[in-house]
Amino acid sequence: MEEKKFDVNSLVGFLLIGGILIWMLYMNKPTEEELQAEQAKTEAAASVAISSEKGPLDTTLTGAISDSMKLGSASDSLAYEQLKNKLGSFAYSGTLPSATDETTVFENDVLYLKVSNKGGYISEARLKNFTKFDSVPIYLIKDGNASLNLQFTAENRNLNTADLYFEPTLSENGEDKVLSMKLKTSQNGFLEYRYTLKPGEYMLDFSINSQGLDGVLNTSQPMYLDWRLKGYRHAKSISYENRYSRLTYEYDGEKHSKLSPSGDDEELEKDVTWMNFRQHFFSSMLLTDTPFKEVKLTSVDLVKDEEIDTVFTKQYGAKMLIEPKGGKLAHTMNMYYGPSDYKIFKEYGRNLDEAMPLGWGIFGFINKYVIIPLFGLLSDFLPAGIAIIVLTILIKLLLSPVQYKQYLAQAKMKVLKPEMDAIKEKYKDNKLKIQQETMKLQTSAGASPLKGCLPALLQIPVFYALFTFFPSAFDLRQKSFLWADDLSSYDTILELPFHIPFYGDHVSLFPILASIAIFIYMMMTTGQTMQQQQQPGMPNMKFIMYLSPLFMLIFFNNYASGLSLYYFVSNLITIGIMLVIKNFIIDEEKIHAKIQVKKAQPKKQNKFQRKMAEMMEQAEEQKRAGKR
């Protein structure tokens, strides 16, 4: 291998070449007289170029440039010319003192906002009265996670307000604070974003207006307002929070819809009046007085795994078609940055309560007109955990007559069990005959398995309504009870050093207690059914008895502890009611005596029963004919 050595000759050569270049530059340096002459020539050319362009704006524009930029060199003039070639009349905004990335603070007693000169939109939105699970303040907008950009055409140029600089003016109108952000083309020509914030309100008045831009804006070309936001994580369990983070909107009158809560989704809708970029317990909303003719709505799921410490939940987008009126922009809207609280939404009206995930149809009706008012009344004077218990007791007492009917039907079936066993033994080789005779026995006794199922079905709407209520109840957020420090999140009693799929990296106690209560309840209700011979086509009750508690134990480990508390208390009360009914209300001997009396009475069958009996008799006849 050849050894590398220091080459003295090469070093001397480089030094000589460098010296020659420095000497040539020094000798060719222009004199002071030549520099002054070149500067005067360039300024004269720039003045001619500006004054030769047609239009009433140019005289004002030239004066503004001289005042703001204080042109004194060819480089300043050249920079402006490049800016004007790119932005046309809107180059004026780039010469103003506001052409910086500075912000204007705009706040009331509940909302802290910063509005940036560049783009004229909110660069920071903080809710003063709320914090995250780790005690950090709640920010809906921060560090560039949101943008509002008006895309328009002016003087054959496609422009974006996100790239341009607005001039802020903060004033007061009574108790209201008004922030005017003007994107200027001259002293009197501008495009304005106007924000009005009232005391104690999360809702802002917002409008887009134009003045003196008749010859500048090309209103024949479509204008789009592009609003985007990446939702910050605010809860302990990002997968649970993400499940209830969803883009909802109103369109075509008073229709309401939503994009998918999981995966990526998009829709193109007509006549949209509001949209909500919901982040579980907090919302960023845009509402309009004049419906947007067309809006492209998008939602991208950013949560891939609970184990990954993800900052954002979803990326939302809404691209709205803006239609000028009479060649001018005059679009009035509202913005909302605040809690996803049903009571607050209801106060604002405009069907904003539809932005809450309260269930559809009968489920939403029960939540809106029964559960929410009742829980609101209880939580006004009771701690949240106690309010859940009292609410559960009231609901169970309300449904106790239904549960009595259900248990009475089960008791009748239990009394008839010896006779049904005798039928099975008598016709053990003929399943069709067993069904036929069993039906006759149940009809004559006024007992049927359906009479036990129907009362249970009547309770399902209430149970499902509560299932949707607790995860979205803002009143439960960061409210503690016993060992649970937040009833809107899971209650941790043990941190695991590893992650279990579907279960998590912690152990929650309320789901365990609820699972035990469900298991005891299932033992009481399905125990006697399991003792009977399993009939073909009937569900395996033993499997269901073990599946329900297991489902509660695993999948509710990451759910709101308030929901698990409800299920635990609800099943305890159900067990108590069943024991009272069994031991103090229902007398099986009296039921048996009544059944015997009813069996002795002539029983008139309805059309359905007659039809079923005829079908079974025909099937039995065909079976006998086949044996011959």
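Residues in the sequence shown are numbered consecutively from 628, following this note's numbering. Beta carbons are placed, not taken as given, at the ideal position from N, Cα and C, and that holds for glycine. This one's a predicted model, so the numbers in the text were calculated from it and none came from an experiment.
C-beta contact flag for residue i and residue j at 9 Å
i: THR915; j: ASP892; result: no
i: ALA1092; j: ASN994; result: yes
i: PRO1128; j: TYR867; result: no
i: SER910; j: PRO966; result: yes
i: PHE1137; j: ASP1118; result: yes
i: SER837; j: MET960; result: no
i: GLY1012; j: GLY1189; result: yes
i: LEU852; j: MET912; result: no
i: MET850; j: ILE949; result: yes
i: SER1107; j: ALA862; result: no
i: THR812; j: LEU840; result: yes
i: PHE939; j: ASN1185; result: no
i: TYR963; j: MET1179; result: no
i: LEU786; j: LEU714; result: yes
i: LYS804; j: LEU874; result: no
i: LYS741; j: THR727; result: no
i: ASN735; j: GLU828; result: yes
i: TYR1193; j: LEU1018; result: yes
i: PHE733; j: LEU806; result: yes
i: SER716; j: LEU791; result: no
i: LYS970; j: ILE999; result: yes
Extent of the continuous alpha helix (DSSP H) to which residue i belongs
i: TYR867; result: 865-870
i: PRO1000; result: 999-1006
i: SER1188; result: 1188-1207
i: ILE989; result: 989-993
i: LYS955; result: Neither: LYS955 is in no alpha helix (DSSP H) and is coded neither H nor E.
i: LYS970; result: 969-975
7 Å CB neighbourhood of residue i in its chain, flanking five on each side removed
i: THR937; result: ARG860, ILE865, LEU929, VAL930
i: GLY747; result: THR788, PHE793, MET808, LEU810, TYR820
i: PHE972; result: LEU979, ASP980, ALA982, MET983
i: SER1256; result: Within the shown structure, residues of the chain are numbered from 628 to 1255, placing residue 1256 beyond reach of any answer.
i: SER1006; result: ALA1014, ASP1102
i: THR686; result: With a pLDDT of 33 at THR686, under the threshold of 50, the modelled position of this residue cannot be trusted, and the question is left open.
i: THR758; result: PRO764, ILE765
i: PHE1195; result: PHE1137, LEU1140, ALA1141, ALA1144
i: GLU729; result: ASN744
i: LYS711; result: ALA718
i: SER1027; result: ILE1204
i: ILE1016; result: VAL1196
i: PHE1008; result: none
Neighbourhood of residue i by C-beta distance below 8 Å, restricted to the same chain and skipping five residues each side
i: GLN1160; result: Low per-residue confidence applies at GLN1160: pLDDT is 44, beneath 50, and the placement is therefore not dependable enough to give any value.
i: ILE1143; result: PRO1176
i: LEU662; result: Since pLDDT at LEU662 reaches only 48, below the 50 mark, its modelled position is unreliable, and the value read off the structure follows with that caveat. Counting only Cβ-Cβ distances below 8 Å, and skipping sequence neighbours, we find nothing.
i: ASN1210; result: none
i: ILE1181; result: PHE1129, TYR1130
i: ASN1201; result: In the sequence as presented, Asn is not what sits at residue 1201; that position holds Thr. For THR1201, where only same-chain residues beyond five positions count, the Cβ hits under 8 Å are LYS1023, GLN1030, TYR1148.
Proximal residues to residue i (C-beta, below 6 Å), its chain only, five neighbours per side dropped
i: LEU1191; result: The sequence shown places Ser at residue 1191, rather than the Leu named in the question. Cβ within range, chain order: PHE1137, PRO1138, ALA1141, PHE1183.
i: ASP1132; result: LEU1123, HIS1126
i: LEU775; result: TYR748, TRP854
i: GLU802; result: PRO826
i: VAL922; result: GLU896, VAL899, ALA945, MET947
i: ARG753; result: TYR739, PRO764, TYR766
i: LYS725; result: Checking the sequence, you will find Ser at residue 725 rather than Lys. Within the same chain, SER725 has close Cβ partners ASN744, TYR792, GLU794.
Endpoints, beta strand (DSSP E) assigned at residue i
i: ASN735; result: Looking at the DSSP string, ASN735 is not in any beta strand (DSSP E), and its letter there is neither H nor E.
i: LEU754; result: 749-758
i: SER774; result: 773-781
i: VAL1134; result: 1131-1135
i: LEU824; result: 817-824
i: TRP854; result: 850-859
i: PHE833; result: 830-838
i: ARG802; result: Reading off the sequence shown, one finds Glu at residue 802, where the question assumed Arg. That residue, GLU802, is in no beta strand (DSSP E); it is neither H nor E in DSSP.
i: GLY944; result: 939-949
i: ASN787; result: 784-787
i: GLU767; result: First, the amino acid is wrong: residue 767 is Leu here, not Glu. From DSSP, the beta strand (DSSP E) with LEU767 extends over 764-768.
Stretch pair the region 788-798 + the region 894-901: three plus CB contacts closer than 8 Å = no
Does the count of Cβ pairs from the region 985-993 and the region 877-886 closer than 8 Å reach three?
-> no
Any chance you could list the beta strand (DSSP E) runs of at least 3 consecutive residues sitting entirely within the region 872-920, in chain order?
-> 874-878, 882-885, 892-906
Are at least three pairs of beta-carbons, each pair with one atom in the region 955-965 and one in the region 1052-1064, less than 8 Å apart?
-> no
Three or more C-beta pairs below 8 Å linking the region 770-786 and the region 843-854 = yes
Tell me the start and end of each unbroken beta strand (DSSP E) in the region 1086-1149 that is at least 3 residues and wholly inside, in chain order.
-> 1119-1127, 1131-1135
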